[in-house]
Every structure is written in structure tokens, then in C-alpha cells.
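Heads up: the sequence lines are chains Y and W, in that order. Just so we're aligned, residue 2 is where the first sequence starts under the numbering used here, counting upward by one. Just so we're aligned, residue 168 is where the second sequence starts under the numbering used here, counting upward by one. Just so you know, even glycine gets a beta-carbon here, dropped at the ideal spot from N, CA and C. What follows is a set of notes on a single structure, which appears directly below.
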Amino acid sequence: MNNTNKCLIVILAIFLCQQVMAQNNQTQNNQGTITLSFIPNVAGKPLVLNDSSYTNPFDEIYQISKFRFYVSQVSAKDKQRSQKEKNSYHLIDAADPSSLQFSFSLKPGKYNSIDFLLGVDSVRNFSGAQTGELDPVKNMFWTWNSGYVMLKLEGRSTASTALNNRIEYHIGGYSGAFNTIKKIHLDVNFEIVAGKSVSLPIKTDINTLWQGAHDIRIAASPVCAIPCALAMEIADNYSKMFSIIK
Amino acid sequence: MRKISILVLFVGLVWMAGFFMSAGKQAGPWKPTYLSFNIPAGWPKPPKDIFISNRLTEEGFQLGKKLFYDGRLSKDGNFACATCHQQYAAFANYDHDFSHGFNNAFTKRNAPPLFNLAWMPLLHWDGAINHLEVQPLGPITSTIEMAEQIDSVLFKLKKDSVYRRMFKAAFGDATINSQRLLKAIAQFTGTIISAGSKYDKVQRGEASFTPSEQNGYQLYKTKCSGCHPEPLFTDYSFRNNGLSVNKLLNDSGRMRITRDNKDSLKFKVPSLRNVAISFPYMHDGRFFSLGEVIDHYRTGIVTAQPSLDSLLKKRIPLTNMEKNNLIFFLHTLTDSTLTHNPRFAVH
Chain Y
2 MNNTNKCLIV
12 ILAIFLCQQV
22 MAQNNQTQNN
32 QGTITLSFIP
42 NVAGKPLVLN
52 DSSYTNPFDE
62 IYQISKFRFY
72 VSQVSAKDKQ
82 RSQKEKNSYH
92 LIDAADPSSL
102 QFSFSLKPGK
112 YNSIDFLLGV
122 DSVRNFSGAQ
132 TGELDPVKNM
142 FWTWNSGYVM
152 LKLEGRSTAS
162 TALNNRIEYH
172 IGGYSGAFNT
182 IKKIHLDVNF
192 EIVAGKSVSL
202 PIKTDINTLW
212 QGAHDIRIAA
222 SPVCAIPCAL
232 AMEIADNYSK
242 MFSIIK
Chain W
168 MRKISILVLF
178 VGLVWMAGFF
188 MSAGKQAGPW
198 KPTYLSFNIP
208 AGWPKPPKDI
218 FISNRLTEEG
228 FQLGKKLFYD
238 GRLSKDGNFA
248 CATCHQQYAA
258 FANYDHDFSH
268 GFNNAFTKRN
278 APPLFNLAWM
288 PLLHWDGAIN
298 HLEVQPLGPI
308 TSTIEMAEQI
318 DSVLFKLKKD
328 SVYRRMFKAA
338 FGDATINSQR
348 LLKAIAQFTG
358 TIISAGSKYD
368 KVQRGEASFT
378 PSEQNGYQLY
388 KTKCSGCHPE
398 PLFTDYSFRN
408 NGLSVNKLLN
418 DSGRMRITRD
428 NKDSLKFKVP
438 SLRNVAISFP
448 YMHDGRFFSL
458 GEVIDHYRTG
468 IVTAQPSLDS
478 LLKKRIPLTN
488 MEKNNLIFFL
498 HTLTDSTLTH
508 NPRFAVH
């Protein structure tokens, strides 16, 4: 065999490798897309920041100026397997419509559950400086006591005894006695087809914050901004805020 | 046939060249000078590797040093990290119980010295900060310290072509964001190591203690090492050392973070290294001399406090002679190779 032919064989081998790699990419492209879309509302009334008045189960009237929360570690399950979204951190912010939904790809199949953490998973809370959705410039990282604010609700209420009738709930705490990270499980029923996109609207009812496992009255607790027992109770309540719109 | 082979070979080579060039492009031409983190002989490994996702480079260190000394990290330009962390005081605030912050405010705790931070599991007197990288967020945004916002700091840095160049040298491109800012500062503060005191030289057999220092060292070993063990001269635990409560500050210490009554009045045990030059002492800087500190342990401890550390229930009896010898020993922990090291000095 002469040198030219030897070279040809090497080139052919590399070419074949390329083909296999390209095929792998194709398999990845052979997926569909799921879009989770959060729809903030208060007991069915659409959320309008700094405007609409809402009534909680204790007949306390309030307005909302800020509503944000973190969603992390999203996964979807079909009968065979669970698929995780990569780099799965999302700051959902009622003031930024583009933040209310996000998409990721899934293999074709029939899916029956969506799981995620409401909040930022524990490890990211003590792993140093983060960027992207977890950047401290987003004002969701405590500088006085390291850790993320998992959910933030601010506004005003005539029932509030705090300064300027303000209500302010910065719910955080990632470990130990005050862990406010909530595992969310949603039963779903959708099918992913290659190359197609499915949208999953998730009703997000802020009014769940006041009542559920615990009664939270604005008159008694207008402010909560530290990891503490009250924060845990509020997180217990709002962990029920999601429901799939059929 | 041969002609076709050569043609195919040529086309193949061109295609391969393109393939490798594009691979090369992704890797980029960025070649920083990597540094290793050197643990002094005989020291334990740090509890976690704080540089595991922040690989040390000379460029990152130099950027961190420039940021540490730059007043633009504060709202009015007056307060750099170095304003309250001065090299000649082992990066504590020399002769200040509380530090001055924005708009003539006073801080509420004494600024601690900065060295051997890679070994410190939790930062601040109450352990509020869980990673060295996120520590600067506290003083930068505190209204009584630097009183600035992180995005305003980034806005100022982005306008400066020197910073754009230095961020590129440290991280491969000119992007300036909070993560890079914080990682760079950690490369500076996390590599300030103090292991060059007379005590260290004695341990290495390069110097010897005077008889007074030697006696003080023995006293330290029996009376102080329970909370301040060698070689770091602290165990980084949180303890109540029996200080009377300052009613104006009402500082509950570690309890502020854990909200557990058991942690009431507990503060982090500080290192005794460089103690002679990092006065005043305690979380509120109430003692200005080592003599006052030792007198507190001899006679001043408030023994009625429920959370008082068990090692201090009977206070620490020391004669005047012993007190003086202990002070002689504590002076051997001053590290002039730290306070005079041009590597950590401004420009």
C-alpha cells in the first residue's frame, strides 16, 4: 500500500467518525419541546401589579407590587424514565412577562409528571458567586446572611401595621431548621412528539399563601424577611399554589 | 486512479484543516498564568477547596487586588475594601473599634483581620456568610459601609478600559459581571496567608524563643489552645467568652443567624495570629490592649450567662508574671512577612 492510500484510509476513518457524531446530534434533534408557562393570579383574578385589590381568606384587602420566585431542577417523567432540564434555574418575575415561561427539550413519549423545586436547590446557596438567573444583581440573594430568597411578595394592605401599610415577604432559608425549599410535583398528561412543542399552562395562585396548613394573617404578620418558623409556614402554604390548567 | 486519489487526499486535508482550525478557535488564545494554592508545611487542608470553581491565576489575583484597593466599589468613592482592612494591621482596621462607613456612619462590629481565610468555614463574627466569594456583597451593599449597589459598581468598572483589559486577562473575555468581580476578589483575599511569624520560624527551627516567650508559649498551650489551637490559632467555632452585653448594641451574635437560644452571645473565635497588631479586640472592639483582654479572662468573665463556654466557667487564673509572658508569646505571632509583603500592597 502506498502512502497516498494510507492517508486516504485515515481520512476515511475520520470522515466516518464525523458521520457518527452527526448522527448523535440528529438523535438529540429528534426531540420535542415542553414549555412551562406560569400564570400568576389571585384566587382566579389575574395579577395586575400596583393596581388591582385582592382579598385574602381573612377578608384582608391587599395590592401587590412585586411577585417573584425561583424554579429549579425541573424534570419530567414518563413511564420509563425521568428527564432533567440542564442548568435548570429560572427566576419567575410577574413584572417581566418573558420570565413567566421557559422551554426545554424532551424525548417523544407520554408524560405523567413534572417535578421541580420551588426555590434554589440547597447546594447553589453555599457554592459561592453565581451568574445568570442566580446573579446577585437580581436582588434575590441575601447579603447579610448568605442564601437565596426563594419567593418574594411585596405590596400594601390596609390590614398591615408595618410602615406605610406595607406587606413584605422575602421567604428564604436553605438548610437545617429553616429550610424553605419546596419539592413540587404536578400530575400531568401530555405527549411529546419529535419536532413539536407542547405548552403547559400552570395556574399560580398567590392567595394560597395565607391559608392552607397554617393561617397567615396580614394583621399579625405583615413582614417576614429572615429564615425563621414563620417563613417555613408561609412556604408550606404557597407550596400548593400551582395547578395545571386543563 | 492515482490522480483521483491525490485529489481526494487534497480535499480531505483541506477539510481536516478546517475541522482542526474551528476546534482551535473554540479553545481560544487565552493563556493565563495558573497559580497553585500552597498549604504551609504541617497545616491541615482547608475544609473545602474554595478555588475549585475559581482557578487561581496571576491575572485573577492582580484584578482582585486592584478591586480590593478601589474606592469605586463604594457609593461615594471613599471606601475601598482596604479602607477598613489595612495591610499594616494584618488587614484589620488599625486602632478602630468600629469602622467609618458612608455618610459618617459607624459599623456595628469590629473589622476582623484578613488572612488564612481559605481555612475559615463561615465568615463574619456570627458566621452569616457561607462562602468567601459572596462575602464582599455584604460590605459593598451595606448602607453603613460602602452603601453601593452591585450593578452600579459594574457600571463604573465597565467604563474603565483598564478593567476591561484586566477582566479579559483574568477570564478570557472582557465580560464584566458580578460573578467575575467576586471571584477575582476571592483570589486576592483567599491567598493572603500568614505563616511567617517568629513562632513559625521557631517551629521550623530557624529561630528560638526567649525564656519569657517560651514560658508564654507553655501557658498558651495549657490555658488558651482549647479555643485557639495551633497552627491556625483558632478552631473557628462560635463561643460565648463571657463579655458583658453592650445594651446599646444588643448584639446576640450567632443567634442572629441560627435563631437558636443556645447560640445567644456566641461569636466566632478569632485567630491569635497577628493579634498584637490587630487591636482593638472582641466583636465590638471594647479592649484596646492585650493586657485588658487577659484581664477579662482572669477576672472579667460574666459567669452568670447560660451560654458561657464550658472552658471559661472558672475564668482563667494567671499571675501578673504569667500574663506578661503570655503577652511576650503573643507578640511572636506577628507576621511581618505578611504586613510588608509587596504582593499584597497597593500597586
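{"Item": "Does the beta carbon of Q131/Y come closer than 8 Å to any beta carbon on chain W?", "Value": "yes"}
{"Item": "Mind checking which residues open and close the beta strand (DSSP E) that includes R167/Y?", "Value": "R167 to G173"}
{"Item": "Of all the CB atoms in chain Y, is at least one closer than 8 Å to the CB of A190/W?", "Value": "Legend: pLDDT at A190/W = 46, less than 50; position of this residue unreliable, no value from coordinates given."}
{"Item": "Just by C-beta distance, which residues in the stretch 338-360 of chain W are closer than 7 Å to chain Y?", "Value": "N344, S345, Q346, L349 and K350"}
{"Item": "Express the C-alpha separation of S364/W and P165/W in angstroms, rounding to a whole number.", "Value": "Outside the shown range of chain W (168 to 514) lies residue 165/W, about which nothing can therefore be said."}
{"Item": "Across which residues does DSSP place S176/Y in a beta bridge pair?", "Value": "F179/Y"}
{"Item": "For the ligand ZN, any of its heavy atoms closer than 7 Å to the Cβ of Q254/W?", "Value": "Absent from the structure shown: the ligand ZN. Ligands present: none."}
{"Item": "Counting contacts by CB-CB distance shorter than 8 Å, is I424/W in contact with chain Y?", "Value": "yes"}
{"Item": "Go through its chain and collect everything with a Cβ distance to A220/Y's Cβ below 6 Å, but skip five positions before and after it.", "Value": "A160"}
{"Item": "Quick one: does D243/W have its CB under 8 Å from some CB of chain Y?", "Value": "no"}
{"Item": "I'd like the span of the alpha helix (DSSP H) that includes L505/W, first residue to last.", "Value": "S503 to T506"}
{"Item": "Is the separation between the beta-carbon of K67/Y and that of L154/Y shorter than 8 Å?", "Value": "yes"}
{"Item": "Please determine if the stretch 232-244 of chain W and the stretch 302-314 of chain W are in contact, where contact requires at least 3 C-beta pairs separated by less than 8 Å.", "Value": "yes"}
{"Item": "Among F235/W, N491/W and Q253/W, which one has its Cα closest to the Cα of L349/W?", "Value": "F235/W"}
{"Item": "Closer than 8 Å, CB to CB, is E300/W near chain Y or not?", "Value": "yes"}
{"Item": "With a Cβ-Cβ cutoff of 8 Å, do K429/W and F405/W count as a contact?", "Value": "no"}
{"Item": "Look up R69/Y in the DSSP assignment and give the residues it is bridged to.", "Value": "D94/Y and K153/Y"}
{"Item": "Since I believe L92/Y is in contact with E297/Y (beta carbons under 8 Å), could you give me their beta-carbon distance rounded to a whole number of angstroms?", "Value": "Here chain Y covers residues 2 to 247 and nothing more, so residue 297/Y does not appear."}
{"Item": "Using a C-beta cutoff of 8 Å, does I311/W count as contacting chain Y?", "Value": "no"}
{"Item": "Along the chain, where does the alpha helix (DSSP H) that runs through V124/Y open and close?", "Value": "Premise fails: V124/Y is in no alpha helix (DSSP H) and is neither H nor E."}
{"Item": "Can you list the residues of chain Y that L304/W reaches, using a CB-CB cut of under 8 Å?", "Value": "P137, F142 and T144"}
{"Item": "How would you list, in chain order, the residues of chain Y whose beta-carbon sits under 8 Å from the beta-carbon of E220/W?", "Value": "At residue 220/W the sequence reads Ser, which differs from the Glu that was named. In chain order: S128 and G129."}
{"Item": "Could you list which residues in chain Y have their beta carbon closer than 9 Å to that of D318/W, in chain order?", "Value": "V138"}
{"Item": "Inspect the CB distances between the stretch 439-451 of chain W and the stretch 254-262 of chain W and report whether three or more fall short of 8 Å.", "Value": "yes"}
{"Item": "From M287/W to F265/W, what does the alpha carbon distance come to, in whole angstroms?", "Value": "22 Å"}
{"Item": "May I ask which residues mark the beginning and end of the beta strand (DSSP E) holding P202/Y?", "Value": "S198 to D206"}
{"Item": "Quick check on G33/Y: does DSSP put it in helix, strand or coil?", "Value": "strand"}
{"Item": "Using a C-beta to C-beta distance shorter than 7 Å, which residues of chain Y count as neighbours of A295/W?", "Value": "W145, N146 and S147"}
{"Item": "Between the Cα of T181/Y and those of Q74/Y, N31/Y and S240/Y, spot the shortest distance and give me the residue it belongs to.", "Value": "S240/Y"}
{"Item": "Would you verify that the beta carbon of C229/Y is, or is not, closer than 8 Å to some beta carbon of chain W?", "Value": "yes"}
{"Item": "So what's T250/W in DSSP terms, helix, strand or just coil?", "Value": "helix"}
{"Item": "Comparing alpha-carbon positions, which option in S375/W, G383/W, G372/W and I424/W lies nearest W292/W?", "Value": "I424/W"}
{"Item": "Is the beta carbon of T205/Y less than 8 Å from the beta carbon of F59/Y?", "Value": "no"}
{"Item": "Look at the alpha carbon of P213/W and the alpha carbon of F400/W, and state the distance between them as a whole number of angstroms.", "Value": "14 Å"}
{"Item": "Using a cut-off of 8 Å between C-beta atoms, extract the partners of T527/W located in chain Y.", "Value": "Nothing about residue 527/W can be reported from this structure: the residues present for chain W run from 168 to 514 only."}
{"Item": "Let me know if I193/Y comes out buried or exposed under the rule of 16 or more other beta-carbons within 10 Å of its beta-carbon.", "Value": "buried"}
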